Amino acid sequence: MKYTSQSVAKPYFIFALILLAGEILFGLLMGIQYIWGDFLFPLIPFNVLRMVHTNLLIVLLLFGFMGATYYLIPEESENELWSPKLAMITFWVFVVAGVLTILGYLFVPYAQLTELTFNNLLPTMGREFLEQPLPTKVGIVLVVLSYLLNVSMTILKGRRTVITTVLLTGLLGLAVFFLFAFYVPDNLIMDKFFWWFTVHLWVEATWELILGAILAFVLIKVTGVDREHIDKWLYLIIAMTMVSGILGTGHHFFYMGAPEYWLWIGSISSAVEPLPFLLMVLFAFTMARDRKIKHDNEIALTWAKGNAVMGFLGAGVWGFFHTLAPVNMYTHGTQLTAAHGHLSFYGAYVMIIFTVISYAMPILRGRPHGNCAKAQKVELTSFWMMNIGMLGLTLALSAAGIVQIMDQRVGTDLIGFMESQESINGIYMVRAGFGLLVFTGLLTYFYSFFVKEPAKS
Amino acid sequence: MTERITKSMAKNIYYGGGTFALMIFIALTFDTVHQIPKRSNQQNMTESVVAGKKLWEKNDCVGCHSIVGEGAYYAPELMNVFQRRGASDETAFKAYMQGWMAAQPLAIPNRRKMPQFHLTPTEVDNLSDFLIWTSKIDANDWPPTIEG
Numbered sequence: 044m045k046y047t048s049q050s051v052a053k054p055y056f057i058f059a060l061i062l063l064a065g066e067i068l069f070g071l072l073m074g075i076q077y078i079w080g081d082f083l084f085p086l087i088p089f090n091v092l093r094m095v096h097t098n099l100l101i102v103l104l105l106f107g108f109m110g111a112t113y114y115l116i117p118e119e120s121e122n123e124l125w126s127p128k129l130a131m132i133t134f135w136v137f138v139v140a141g142v143l144t145i146l147g148y149l150f151v152p153y154a155q156l157t158e159l160t161f162n163n164l165l166p167t168m169g170r171e172f173l174e175q176p177l178p179t180k181v182g183i184v185l186v187v188l189s190y191l192l193n194v195s196m197t198i199l200k201g202r203r204t205v206i207t208t209v210l211l212t213g214l215l216g217l218a219v220f221f222l223f224a225f226y227v228p229d230n231l232i233m234d235k236f237f238w239w240f241t242v243h244l245w246v247e248a249t250w251e252l253i254l255g256a257i258l259a260f261v262l263i264k265v266t267g268v269d270r271e272h273i274d275k276w277l278y279l280i281i282a283m284t285m286v287s288g289i290l291g292t293g294h295h296f297f298y299m300g301a302p303e304y305w306l307w308i309g310s311i312s313s314a315v316e317p318l319p320f321l322l323m324v325l326f327a328f329t330m331a332r333d334r335k336i337k338h339d340n341e342i343a344l345t346w347a348k349g350n351a352v353m354g355f356l357g358a359g360v361w362g363f364f365h366t367l368a369p370v371n372m373y374t375h376g377t378q379l380t381a382a383h384g385h386l387s388f389y390g391a392y393v394m395i396i397f398t399v400i401s402y403a404m405p406i407l408r409g410r411p412h413g414n415c416a417k418a419q420k421v422e423l424t425s426f427w428m429m430n431i432g433m434l435g436l437t438l439a440l441s442a443a444g445i446v447q448i449m450d451q452r453v454g455t456d457l458i459g460f461m462e463s464q465e466s467i468n469g470i471y472m473v474r475a476g477f478g479l480l481v482f483t484g485l486l487t488y489f490y491s492f493f494v495k496e497p498a499k500s
Numbered sequence: 008m009t010e011r012i013t014k015s016m017a018k019n020i021y022y023g024g025g026t027f028a029l030m031i032f033i034a035l036t037f038d039t040v041h042q043i044p045k046r047s048n049q050q051n052m053t054e055s056v057v058a059g060k061k062l063w064e065k066n067d068c069v070g071c072h073s074i075v076g077e078g079a080y081y082a083p084e085l086m087n088v089f090q091r092r093g094a095s096d097e098t099a100f101k102a103y104m105q106g107w108m109a110a111q112p113l114a115i116p117n118r119r120k121m122p123q124f125h126l127t128p129t130e131v132d133n134l135s136d137f138l139i140w141t142s143k144i145d146a147n148d149w150p151p152t153i154e155g
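So the sequence lines, in the order shown, correspond to chains A and B. Just so we're on the same page, the working numbering is the position in the first sequence counted from 1, plus 43. Just so we're on the same page, the working numbering is the position in the second sequence counted from 1, plus 7.
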């Protein structure tokens with residue numbers, strides 16, 4: 044560790060991983076309730092499980108991005124963090140707000156929660172992924188603002204690199220587009236239209252900048268490739284992201300009440316959306332091939348390559364499957380969307396968190412050469428368990444989606460939703476099985492942190 | 008391929024391309040905002056419809072159902088439930104909704120359960136009005152079939 048203030052990243056990383064365990068656990072519970080509808084009912088209805096599952100994901104990624112930023116910004120700008128104290132205060136505020144929100148979801152009926160949290164003053168609740176009570180949403184804004192302030196001040200007084208510029212642009216975008224979460228028009232269609240400004244422009248535009256910057260940082264560190272070369276790749280990747288991702292928002296506007304021209308604009312732009320992810324794969328593998336040093340932390344590079352490949356599969360390939368308007372007519376609102384959502388969030392975003400933690404955490408723990416060979420081996424086992432688990436789960440959800448489409452939407456001999464879902468039950472069991480593999484993989488990953496280092500001779 | 012592209016070229020594609028895409032996006036946003044009221048028959052958005060939307064949000068209906076294709080996939084799509092369960096007849100649909108909401112949760116073992124939300128008859132009517140209004144939105148001929 045070059046700068047002492049980098050150590051504020053550590054609690055962020057640890058908390059992100061704890062939240063990830065919660066996220067996957069609730070995913071498993073949902074997977075079981077999908078098969079046996081009485082499971083946990085009426086104790087925790089499905090919508091509550093889902094809220095906890097998706098909100099934990101969003102919050103854990105924010106914690107991970109923040110940890111990654113606090114780790115890499117001092118090193119990139121060759122400067123101590125502007126205020127490590129503010130970073131720690133922000134951490135605890137975010138932890139308390141996050142935990143209280145989850146407890147609120149679990150222990151207070153949602154309708155009552157809206158009343159307790161002043162939702163009538165400015166109704167923003169009850170929309171997918173943005174279910175957070177008003178005080179939590181305001182809290183997120185404050186946390187992000189203090190984080191942005193800290194990062195900007197550090198960048199301003201130090202060296203500016205392409206990585207810090209791209210990262211800061213991504214973070215600014217994240218902050219700006221979250222503000223649409225506060226705009227809820229009475230017209231459902233208008234509401235949906237602007238809801239996507241937060242949801243899509245986060246995950247398919249601004250977050251990709253953050254992802255690219257973190258990946259570039261880790262690749263510089265573990266491959267020793269010349270920065271000029273890395274910068275060029277980073278610019279190319281984010282150029283393709285911006286060109287395809289912004290107008291790619293249109294693929295959500297096909298069949299929700301927006302005008303017809305989105306059918307064309309959305310299809311064409313989002314057909315290009317796999318490109319930045321393909322470039323990321325080329326980027327990671329080219330840098331690994333041309334590496335100037337052989338870093339002892341080999342598993343960090345494995346995660347970086349895996350991140351690029353799984354991100355390409357989940358966001359690129361699985362996104363492309365249903366992004367053309369004539370196909371989307373049949374796939375819109377089916378389990379295929381769920382399949383794509385699972386693999387893309389895992390491959391692109393959860394795995395970049397694993398990548399940066401795998402690189403930075405050993406250093407934060409006083410192991411500049413990475414963990415010992417045995418710990419890396421355990422980590423590699425968990426890498427494969429989680430990747431195979433997520434791929435299996437995605438394939439199962441895709442199969443479920445195809446059956447659902449054939450049952451409800453193709454031909455003349457149609458059956459209803461509930462009947463169709465019953466016929467998919469076997470596939471949902473396979474899905475839950477792969478989910479269990481992911482969770483076991485995560486526990487194995489946790490175990491790798493506790494493998495004892497061999498005594499130094 | 009990447010050998011021929013320099014860093015400054017890549018940088019220019021990023022700034023130029025990004026700005027260009029953003030400008031088109033903003034222009035189309037204005038046009039869409041202008042068209043949505045007509046496509047969604049905003050003139051028919053009565054107080055009851057708006058109250059129904061608020062109830063939809065307050066009870067997190069989207070946590071299990073999808074509406075106009077968005078939401079969760081645990082329970083049926085509701086954009087066309089008016090046609091499916093009400094045969095496009097407002098009186099029949101409203102009566103059906105009163106019975107259906109009162110009967111939840113259904114006592115069928117291991118069927119996916121809908122909680123009992125304890126809505127008043129007026130609130131159930133608001134919800135019905137909201138779903139009837141939603142069913143008439145021009146969503147480019149989606150959903151493809153009555154099964155949603």
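Just so you know, even glycine gets a beta-carbon here, dropped at the ideal spot from N, CA and C. These numbers were taken from a predicted model, which means no experiment stands behind them.
Query                                                                                                                                                                          : Result
Name, going along the chain, the residues of the region 293-322 of chain A whose beta-carbon falls closer than 9 angstroms to a beta-carbon of chain B.                        : Gly293, His295, Phe296, Phe297, Tyr298, Met299, Gly300, Ala301, Pro302, Glu303, Tyr304, Trp305, Leu306, Ile308, Ser312, Leu322
Quick one, are the C-beta atoms of A:Ala64 and A:Tyr113 less than 8 angstroms apart?                                                                                           : no
My guess is that A:Leu344 and A:Ala381 are in contact by the Cβ rule of under 8 angstroms, so how many angstroms apart are they, rounded?                                      : Contact flag wrong, Cβ pair sits at about 31 angstroms.
A:Ile132 lies in the alpha helix (DSSP H); which residues open and close that run?                                                                                             : 127-150
With A:Val393 as the anchor, note down where its alpha helix (DSSP H) starts and where it stops.                                                                               : Premise fails: A:Val393 is in no alpha helix (DSSP H) and is neither H nor E.
Using the C-alpha atoms, what's the distance from A:Ile470 back to A:Gly110?                                                                                                   : 37 angstroms
State yes or no: is the C-beta of A:Leu105 within less than 8 angstroms of the C-beta of A:Tyr392?                                                                             : no
What are the residues of the region 53-87 of chain A that lie near chain B, defined by any Cβ-Cβ distance shorter than 9 angstroms?                                            : Met73, Gln76, Tyr77, Ile78, Trp79, Gly80, Asp81, Phe82, Phe84, Pro85
Give the secondary structure of B:Ile144 by DSSP, where H, G and I count as helix, E and B as strand, and everything else as coil.                                             : coil
Alpha carbon to alpha carbon, what distance is there between B:Gly70 and A:Thr157?                                                                                             : 15 angstroms
Between A:Leu177, A:Pro127, A:Glu251, A:Tyr488, which has its C-alpha nearest A:Ala140's C-alpha?                                                                              : A:Leu177
Would you kindly report the start and end of the unbroken alpha helix (DSSP H) that includes A:Gly454?                                                                         : That residue, A:Gly454, is in no alpha helix (DSSP H); it is neither H nor E in DSSP.
Pick out whichever of A:Ala358, A:Ala442, A:Phe482, A:Met394 has its Cα sitting closest to the Cα of A:Gly288.                                                                 : A:Ala358
Do A:Leu356 and A:Leu379 count as a contact pair if the criterion is CB distance below 8 angstroms?                                                                            : no
What does the Cβ neighbour count give for B:Lys120, buried or exposed, with the cut at 16 atoms within 10 Å?                                                                   : buried
Have a look at B:Pro44, B:Ser47, B:Arg46, B:Gly59 and flag the residue whose alpha-carbon is nearest the alpha-carbon of B:Pro128.                                             : B:Gly59
Alpha carbon to alpha carbon, how far is A:Ile448 from A:Thr455? Give it in angstroms, no decimals.                                                                            : 12 angstroms
Using the beta-carbon of each residue, which ones in chain B are nearer than 8 angstroms to A:Arg202?                                                                          : Result: empty, since nearest Cβ-Cβ is about 17 angstroms, beyond 8 angstroms.
What do you get for A:Gly409, buried or exposed, if any count of 16 or more other CB atoms within 10 angstroms of its CB means buried?                                         : exposed
For A:Phe58, which option in A:Pro317, A:Phe482, A:Phe489 has the closest C-alpha, if you only look at C-alpha atoms?                                                          : A:Phe489
Select from B:Asn133, B:Val75, B:Leu138 the residue whose C-alpha is nearest the C-alpha of B:Pro150.                                                                          : B:Val75
Taking B:Ile31 as the reference, which of A:Ala331, A:Met285, A:Leu407 has the closest Cα?                                                                                     : A:Met285
At a CB distance below 7 angstroms, what residues from the region 152-166 of chain A approach chain B? Give them in sequence order.                                            : Tyr153, Ala154, Thr157, Pro166
Along chain A, in chain order, which residues have C-beta atoms closer than 8 angstroms to that of B:Glu84?                                                                    : Gly376, Phe460
State the Cα-Cα distance for the pair B:Ser135 and B:Ile115, rounded to the nearest angstrom.                                                                                  : 25 angstroms
Any residues in the region 55-66 of chain B with a beta carbon nearer than 8 angstroms to a beta carbon of chain A? Which ones, in chain order?                                : Val57, Lys60, Lys61, Trp63, Glu64, Lys65, Asn66
Which residues in the same chain as B:Asn48 place their Cβ atom closer than 8 angstroms to its Cβ, once the five residues preceding and following it in sequence are excluded? : Trp140, Lys143, Ile144
Can you pull out the residues from the region 277-291 of chain A whose beta carbon lies closer than 7 angstroms to at least one beta carbon of chain B?                        : Tyr278, Leu279, Ile281, Ala282, Met285, Val286, Ile289, Leu290
Near A:Leu322, what residues of its chain come up, given a Cβ to Cβ distance below 8 angstroms and the 5 sequence neighbours on each side ignored?                             : Trp276, Leu279, Ile280, Met283
Should A:His365 go down as buried or exposed, given a rule of 16 or more other Cβ atoms within 10 Å for buried?                                                                : buried
Does the beta-carbon of A:Asn163 have 16 or more other beta-carbons within 10 angstroms, so that it is buried, or is it exposed?                                               : exposed
Tell me whether B:Met16 counts as near the ligand MN, meaning its Cβ is closer than 7 angstroms to at least one heavy atom of that ligand.                                     : This structure lacks the ligand MN; in fact it carries no ligand of any kind.
Going along the chain, which residues of the region 226-253 of chain A sit with their C-beta nearer than 7 angstroms to a C-beta in chain B?                                   : Asp229, Asn230, Leu231, Ile232, Met233, Lys235, Phe236
Count Cβ pairs between the region 230-241 of chain A and the region 168-185 of chain A that sit closer than 8 angstroms; are there 3 or more?                                  : yes
With burial defined as no fewer than 16 other Cβ atoms inside 10 Å of the residue's Cβ, what is the status of A:Pro319: buried or exposed?                                     : buried
One question on the structure: do A:Phe297 and B:Asn147 come within less than 8 angstroms of each other, judged by their Cβ atoms?                                             : yes
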